[in-house]
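Visitor:
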Amino acid sequence: MEQVAARRPRRFYILVFVLPAFILYSMFMAFPLLDSLRLSLYQEQAGGPDVFVGLANFERLFNDPVWSERFWNALRNNFVFFAVHMLVQNPIALLLAALLTTRGVRGVALFRTILFAPTTLSFVIIGFIWQLMLSPLWGILNNPAKTLGLPTPLLGQTQSALVTVSLVSVWQFVGLPMMLFSAALISISEELIDAARVDGATGWQTFWRVRFPLILPTVGIVGILTFVGNFNAFDLIYTMQGALAPPNFGTDILGTFFYRTTFGGGATQRPNPIMGTTIATIMFLIILTGVLIYLFGIQRRLVRAES
Amino acid sequence: MTATATARAQTSAPATSALRQRLGRAGTYVILIVYSLIAVFPVALILINSFKDKREVFSSPYSLPNPINMSGYETVFGRANVIRYFGNSLAVTLTTIILVLLFGAMAAYALSEYRFFGNRFLAIYFALGIMIPVRLGTVSLIRLMKTLNLHGTLGALILVYAAAGLPISIFILHSFMHDVPRELKDAARVDGASEYRILFQLVMPLVRPALATVAVFHMIPVWNDLWWPLVLASGESVRTITLGISWFVGQFKTDWSALLASLSLAMMPVLILYALFSRQLIRGLSEGAVKL
Amino acid sequence: MKKAFTFTLVLALFLVALPVSAQEEVVELVMGSWRTEDIEQWDEILAAFSAAYPNIVVRFEPTLNTEYDAQLRAALEAGTGPDLITCRPFDLSLGLYEAGYLASVNDLPGMEHFNDVARSGWITDDGENVYCVPMASVIHGFIYNADLFEEHGWTAPATMDEFMALLQTILDAGITPLAMGTKDGWGNAYMGFENIGPNYWDGEVGRQALISGEAKLTDPEFVAAIEAVVAWEPYLPDGHEAIGYADTQQLFPLGGAAIFPAGSWEIPIFEANAMFAMHAFKPPVVDPDAETCWINDHVDIAVGMNAATAHPEEARIFLEWLTTQEFAQMYSNLQPGFFSLSDHQLTLENPLAQEFLDWRQECQGTIRVLYQYLSRGEVSADNENWRIMPAVIQGVMTPMEAAEELESYLWRPE
Chain L
6 MEQVAARRPR RFYILVFVLP AFILYSMFMA FPLLDSLRLS LYQEQAGGPD VFVGLANFER
66 LFNDPVWSER FWNALRNNFV FFAVHMLVQN PIALLLAALL TTRGVRGVAL FRTILFAPTT
126 LSFVIIGFIW QLMLSPLWGI LNNPAKTLGL PTPLLGQTQS ALVTVSLVSV WQFVGLPMML
186 FSAALISISE ELIDAARVDG ATGWQTFWRV RFPLILPTVG IVGILTFVGN FNAFDLIYTM
246 QGALAPPNFG TDILGTFFYR TTFGGGATQR PNPIMGTTIA TIMFLIILTG VLIYLFGIQR
306 RLVRAES
Chain C
1023 MTATATARAQ TSAPATSALR QRLGRAGTYV ILIVYSLIAV FPVALILINS FKDKREVFSS
1083 PYSLPNPINM SGYETVFGRA NVIRYFGNSL AVTLTTIILV LLFGAMAAYA LSEYRFFGNR
1143 FLAIYFALGI MIPVRLGTVS LIRLMKTLNL HGTLGALILV YAAAGLPISI FILHSFMHDV
1203 PRELKDAARV DGASEYRILF QLVMPLVRPA LATVAVFHMI PVWNDLWWPL VLASGESVRT
1263 ITLGISWFVG QFKTDWSALL ASLSLAMMPV LILYALFSRQ LIRGLSEGAV KL
Chain H
1019 MKKAFTFTLV LALFLVALPV SAQEEVVELV MGSWRTEDIE QWDEILAAFS AAYPNIVVRF
1079 EPTLNTEYDA QLRAALEAGT GPDLITCRPF DLSLGLYEAG YLASVNDLPG MEHFNDVARS
1139 GWITDDGENV YCVPMASVIH GFIYNADLFE EHGWTAPATM DEFMALLQTI LDAGITPLAM
1199 GTKDGWGNAY MGFENIGPNY WDGEVGRQAL ISGEAKLTDP EFVAAIEAVV AWEPYLPDGH
1259 EAIGYADTQQ LFPLGGAAIF PAGSWEIPIF EANAMFAMHA FKPPVVDPDA ETCWINDHVD
1319 IAVGMNAATA HPEEARIFLE WLTTQEFAQM YSNLQPGFFS LSDHQLTLEN PLAQEFLDWR
1379 QECQGTIRVL YQYLSRGEVS ADNENWRIMP AVIQGVMTPM EAAEELESYL WRPE
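Protein sequences appear in the order of chains L, C and H.
Per the numbering used here, the first sequence runs over residues 6 to 312.
Per the numbering used here, the second sequence runs over residues 1023 to 1314.
Per the numbering used here, the third sequence runs over residues 1019 to 1432.
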């Protein structure tokens, strides 16, 4: 259709409409992100301007033992953190969403409200609640865990701390993918499911053969959102374990590593904002890679499968 | 129509299948109830124990408070500037949402309505911000805020939240505005309405549900954010409730009844608001999610 | 969104925001600190100050010990730091001063009450500028549940051998011997390693040798000190890996353990909460025949002024008040366990604090070994020790590995 406005030569109002958002977004989001990437190529110099050092900061991050050990540790932990979300959070969310959208189930609104409730609480509250729940002094969960033969205290053992923190995060966020899956499942037409039923398929079979393939695009979205969220995570570990991410950096992920490096910590550690930007750049690249793989790999294939 | 379909499915099913269906239904409820308990238990436990004294918290964590002990709450109210923190959070969250809605709607309208030079570029430029977290630009943002003399103000928080919130808002509003029938807008133009009027008096009211969705999308993350208050505005007078809680939880770490009371105080307003508006909130989130 | 709902929200915003922006006539100064335990004491001290200076109100705003420095730094960078800053000793505050966040207090009237030792923690390397008003030192040692000791007939140990035997005896009696967790780690570094360590490395002798490079942390005397702390592991509470410092501060007064490896700063907290009598013993000596014993008498705490405060005059008035006899006396009695660094004559009312102070007559004093110069490296050795010490105790690394890693972080002056 022909644009009405196109007939007028000067369309000043377009500028008025676009400029506020453009300026705000450019100044306080695009610029800081790009400038932060730039800063990672510099080094601070006492009393003078920053000096350009090329990729030296990255070289140190990857190879200098003072930095590299922590960096690879945080990166590895971050992948574990992500894996727990993919393997636990999203399947549970899918299960709950499937049950909530099953025809004839009563009290859906109430269940949904309760299941989503933890997601509305802040990290600070959730972090402290779970720290208390897991405390060996209080014993609410520590004693049952011990009875089950798990390594206790769960937050203090190298082999269990990271998974425990990840599971708390799962507890907090399971509501979000659940909502996304629900929204997608609801939009599936009833006829398709009925047709499957008539063919004698069980609920289980209907789900995997009919409903699940139809929500694959949502599975993709949930996957990429989980990825971005996890590689940008910081708050929960900070509130549960503190910036030092004990035991022995066992729960350190890129976000806490970034914070500690940028702002210092402890009684005697000086902050290092430039190395902070170097870590931020790596996080940026990781997230960008994930997003690109999603956009050009997964999403394309999903859309094709759908059509 | 759904009802008849269900009836047909049920009558045509053999008896074993009906039994299996009933078992399945029971299983459904068991799973939902068990997971609901998992979701609620920690919160309930904290609330209950906040009404006990220090020793009782340790000796009988599962019992109901007897008698009800408010000492924890008294300690907290004696120390913390709770009202001010709430005011700060409210101011930041509301201003952010207003900015995001206003500027987001304007930009989304321009992008969906007019063909102009750079339209596609702008759309992609904004879309890039959906996935990249602004947190990664922290070091530069702090420098920038210092240069602008905005560091340590609520304004700094609002600008960052608004900037970071624009991409997703523009994206959601764009797709809603696209669905507004062209005939309506053209009719208004024929009547001599300016483009501004068309947006603010015709299109905006029509996409009200979308605006609500966008508002809902930003409310919780902004209210609950810890990072930016921590690094941009941690001063006493500008502290948000989320940062405030983390500070006084730290202060009361050696006094568990006060600790539990401060956690409860921080949770209650959110939980009450959520109980009242959960329907709207969840609907908003789902609608936004479909557009993703 | 419903119009009425929006309207109500906006209205609520204004109602809440209005009183916040209203001007107050009295100048309010905020004082940042890591002393979350001292809220009540400071409220009393600050009330006394406001009684003398009615137009100034100082609000004490402590942050959790482990988060204080990072949060303070972040706040100062953002220009929102507190008006008055409680200063850590040595490099951390020096860094703040060099970055321009702390104002110099050279010309502050009353500074003459502090000698060179008192100033040493808060002075530039060239000795030109003092930037915090020294307040107190803390002494490390062990506080024990005296009722429990009496009941079982246990006596305070004088040597490390006696100490370890006592721990076993207590454990055999079914009681947790030591109130110490290994989650935060700084307790293990300061109340473990830095507490009993000086008797291993001969206090100042070993510390100076380490700074000059004559000694290394991998030398036997330092490794032995680490091993001595690691030997405590069986005597720590169950689940110590997830027990933080604040948890043990709660555990001990509730009677959950017999001995608290302490700094003297614990005294007021424990006296407020414990239902039993307490005494203290100094770090046991290694060799019963040693001529000198050492105690860690660490310059710990001072107060400086945010260079960017909106109320510099009022802040200076407060700092000046901190140099007075009135403050020193009040502080020492309200904060038993913090020993004033001023030259005013003071009398201590608290007998437990007096026990700690008496050790100054019996032993020689030294400060935390990693604090001065040595932790100036890109990665602070002292800070790493917060992580390494719990890791050795938990058996993640050997004492020698810990010493080697710590040694690699050391910074030594030319």
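Glycine residues also receive a C-beta, built at the ideal position from the N, C-alpha and C atoms.
Pick out whichever of L:Val23, L:Leu24, L:Leu142, L:Pro96 has its Cα sitting closest to the Cα of C:Arg1077.
Guide: The residue given as residue 1077 of chain C occupies position 55 in the second sequence. Looking at the Cα atoms, L:Leu142 is the closest of the given residues.
Visitor: State buried or exposed for C:Met1290, treating a residue as buried only when at least 16 other CB atoms are found within 10 Å of its CB.
Guide: Start at 1 with the first residue of the second sequence, and residue 1290 of chain C comes out as number 268. Counting Cβ neighbours within 10 Å, C:Met1290 comes out exposed, since fewer than 16 surround it.
Visitor: Hey, how far is the Cα of H:Gly1221 from the Cα of H:Gln1379?
Guide: Start at 1 with the first residue of the third sequence, and residue 1221 of chain H comes out as number 203. Start at 1 with the first residue of the third sequence, and residue 1379 of chain H comes out as number 361. Answer to the nearest angstrom: the Cα atoms are 16 Å apart.
Visitor: What do you reckon, are the CB atoms on H:Lys1201 and H:Ala1121 nearer than 7 Å?
Guide: To locate residue 1201 of chain H, count along the third sequence from 1; it is residue 183. To locate residue 1121 of chain H, count along the third sequence from 1; it is residue 103. Against a cut-off of 7 Å, the Cβ pair of H:Ala1121 and H:Lys1201 comes out as no contact.
Visitor: Using the beta-carbon count (16 or more within 10 Å), is L:Gly59 buried or exposed?
Guide: Position 54 of the first sequence, counted from the start, is the residue given in the question as residue 59 of chain L. Result: exposed.
Visitor: Note down the Cα distance separating H:Met1162 from C:Ser1082, rounded to an integer number of angstroms.
Guide: Position 144 of the third sequence, counted from the start, is the residue given in the question as residue 1162 of chain H. Position 60 of the second sequence, counted from the start, is the residue given in the question as residue 1082 of chain C. Before going on, a small fix: residue 1162 of chain H reads as Tyr here, not Met. Cα-Cα distance, rounded: 27 Å.
Visitor: Among H:Asp1087, H:Gly1097, H:Thr1098, which residue has its Cα nearest to the Cα of H:Thr1104?
Guide: Stepping through the third sequence from its first residue, residue 1104 of chain H is reached at position 86. It is H:Asp1087 whose Cα lies nearest to the Cα of H:Thr1104.
Visitor: Go to H:Tyr1389, then tell me how far its alpha helix (DSSP H) extends in each direction, as first and last residue.
Guide: For the purposes of this step, residue 1389 of chain H is taken as residue 371 along the third sequence, with counting starting at 1. Taken as a continuous stretch (DSSP letters only), H:Tyr1389 belongs to no alpha helix (DSSP H), as it is neither H nor E.
Visitor: Determine, using beta carbons only, whether C:Ile1119 and C:His1240 come nearer to each other than 7 Å.
Guide: In the second sequence, the residue the question calls residue 1119 of chain C occupies position 97. In the second sequence, the residue the question calls residue 1240 of chain C occupies position 218. Contact: yes.
Visitor: Does chain A have any CB closer than 7 Å to the CB of C:Leu1254?
Guide: Annotation note: the requested chain A is absent from the structure, which comprises protein chains L, C and H.
Visitor: Can you tell me where the beta strand (DSSP E) holding H:Met1323 begins and where it ends?
Guide: Position 305 of the third sequence holds residue 1323 of chain H. For H:Met1323, the enclosing beta strand (DSSP E) starts and ends at 1312-1323.
Visitor: Let's test the definition: count the other Cβ atoms within 10 Å of the Cβ of H:Met1418 and tell me whether it reaches 16, buried, or not, exposed.
Guide: Here residue 1418 of chain H refers to the residue found at position 400 when the third sequence is read from its first residue. Under this definition H:Met1418 is an exposed residue.
Visitor: Could you check if C:Asn1088 is buried or exposed, using at least 16 other CB atoms within 10 Å of its CB as the buried criterion?
Guide: Counting from one through the second sequence, the residue named residue 1088 of chain C turns up at place 66. With fewer than 16 other Cβ atoms within 10 Å, it is exposed.
Visitor: Hey, H:Ile1157 and H:Ser1282: beta-carbon distance below 7 Å or not?
Guide: Within the third sequence, numbered from 1, the residue matching residue 1157 of chain H stands at position 139. Within the third sequence, numbered from 1, the residue matching residue 1282 of chain H stands at position 264. Going by C-beta atoms, H:Ile1157 is nearer than 7 Å to H:Ser1282.
Visitor: Can you name the residues of chain H whose CB is closer than 7 Å to the CB of C:Lys1168?
Guide: Reading the second sequence from its first residue, position 146 is the one you call residue 1168 of chain C. Per Cβ cutoff of 7 Å: Gly1097.
Visitor: When you compare only the Cα positions, how much space is there between C:Val1202 and C:Arg1219?
Guide: Counted from its first residue, the second sequence places residue 1202 of chain C at position 180. Counted from its first residue, the second sequence places residue 1219 of chain C at position 197. If you take the alpha carbons of C:Val1202 and C:Arg1219, they lie about 15 Å apart.
Visitor: Does the beta-carbon of L:Trp213 have 16 or more other beta-carbons within 10 angstroms, so that it is buried, or is it exposed?
Guide: Residue mapping note: residue 213 of chain L aligns to position 208 of the first sequence, counting from 1. So L:Trp213 ends up on the exposed side.
Visitor: Going by C-alpha distance, which of C:Glu1258, C:Ile1060, C:Arg1204 is nearest C:Leu1224?
Guide: Residue mapping note: residue 1224 of chain C aligns to position 202 of the second sequence, counting from 1. C:Leu1224 has its Cα closest to that of C:Arg1204, out of C:Glu1258, C:Ile1060, C:Arg1204.
Visitor: Tell me the DSSP secondary structure of C:Leu1287 in three-state form.
Guide: As a first step, residue 1287 of chain C is located in the second sequence; it is residue number 265 there, counting from the start. Of the three classes helix, strand and coil, the one that applies to C:Leu1287 here is helix, per DSSP.
Visitor: Residues bridged to H:Leu1047 by DSSP?
Guide: As a working mapping, residue 1047 of chain H is identified with position 29 in the third sequence. DSSP output for H:Leu1047 lists H:Val1076 as bridge partner(s).
Visitor: Report the option in L:Leu230, L:Leu172, L:Ser140, L:Val173 whose CA atom is closest to the CA atom of L:Thr157.
Guide: For the purposes of this step, residue 157 of chain L is taken as the residue at position 152 of the first sequence. Residue L:Ser140 is the option with its Cα nearest to L:Thr157.
Visitor: Looking only at its own chain, which residues have a Cβ that is under 6 Å from the Cβ of C:Leu1069, when we skip the five neighbours before and after it?
Guide: Your numbering for residue 1069 of chain C matches position 47 in the second sequence. These residues qualify, in order along the chain: Ser1286.
Visitor: Can you have a look at L:Arg265 and say buried or exposed, based on whether 16 or more other CB atoms are within 10 angstroms of its CB?
Guide: On the first sequence, position 260 is the one that residue 265 of chain L refers to. Flag for L:Arg265 reads buried.
Visitor: Which of helix, strand or coil does DSSP assign to H:Gln1382?
Guide: Your numbering for residue 1382 of chain H matches position 364 in the third sequence. Here H:Gln1382 sits in strand by DSSP.
Visitor: Does any residue of chain H have a CB that is nearer than 7 Å to the CB of L:Phe262?
Guide: Along the first sequence, read from residue 1 onward, the residue named residue 262 of chain L stands at position 257. So no, L:Phe262 is outside the interface.
Visitor: Give the DSSP-derived three-state secondary structure of C:Val1079 in the structure shown.
Guide: Sequence index remark: in the second sequence, residue 1079 of chain C carries index 57 (1-based). Helix at C:Val1079.
Visitor: Any idea if H:Ala1308 is buried or exposed, counting beta-carbon neighbours within 10 angstroms, 16 or more meaning buried?
Guide: Taking the third sequence and counting its residues from 1, the one referred to as residue 1308 of chain H is at position 290. It is exposed - the Cβ of H:Ala1308 has fewer than 16 other Cβ atoms within 10 Å.
Visitor: In chain order, which alpha helix (DSSP H) runs of at least 4 residues are fully inside the region 73-107 of chain L?
Guide: 95-105
Visitor: Can you look up H:Ser1155 in the DSSP assignment and give me helix, strand or coil?
Guide: Position 137 of the third sequence holds residue 1155 of chain H. Here H:Ser1155 sits in strand by DSSP.
Visitor: Go through its chain and collect everything with a Cβ distance to L:Arg202's Cβ below 7 Å, but skip five positions before and after it.
Guide: One-based indexing of the first sequence puts residue 202 of chain L at position 197. If we look at L:Arg202 and ignore the five residues flanking it on each side, its Cβ neighbours are Thr211.
Visitor: Anything in chain L within Cβ reach of H:Gly1257, meaning under 7 Å, just list it in chain order.
Guide: Translated into the one-based positions of the third sequence, residue 1257 of chain H becomes position 239. Neighbours of H:Gly1257 on chain L, chain order: Pro141, Asn147, Thr157, Pro158, Gly161.
Visitor: Going by alpha carbons, who is nearest to H:Val1387 out of H:Leu1094, H:Met1209, H:Met1182?
Guide: For this step, residue 1387 of chain H is matched to residue 369 along the third sequence. Considering only alpha carbons, the answer is H:Met1209.
Visitor: Quick test of your reading: L:Arg43 and C:Phe1138, contact by CB under 8 Å. State the CB separation rounded to the nearest angstrom.
Guide: The count along the first sequence starts at 1 and reaches residue 43 of chain L at position 38. The count along the second sequence starts at 1 and reaches residue 1138 of chain C at position 116. Their Cβ separation, rounded to whole angstroms, is 31 Å, which puts L:Arg43 and C:Phe1138 out of contact at 8 Å.
Visitor: Ignore the nearest five residues each way along the sequence and tell me which others in H:Phe1438's own chain have a CB closer than 7 Å to its CB.
Guide: No information on residue 1438 of chain H is available, as it lies outside the stretch 1019 to 1432 that chain H covers here.
Visitor: Please confirm whether L:Ser194 has its beta-carbon closer than 7 Å to some beta-carbon of chain C.
Guide: Locating residue 194 of chain L in the first sequence gives position 189, where the first residue counts as 1. L:Ser194 is outside the set of residues whose beta carbon lies under 7 Å from a beta carbon in chain C.
Visitor: Would L:Thr273 pass as a contact of H:Asn1217 if the rule is Cβ separation under 7 Å?
Guide: Here residue 273 of chain L is taken as the residue at index 268 of the first sequence, counted from 1. Here residue 1217 of chain H is taken as the residue at index 199 of the third sequence, counted from 1. For L:Thr273 and H:Asn1217, no; Cβs fall outside 7 Å.
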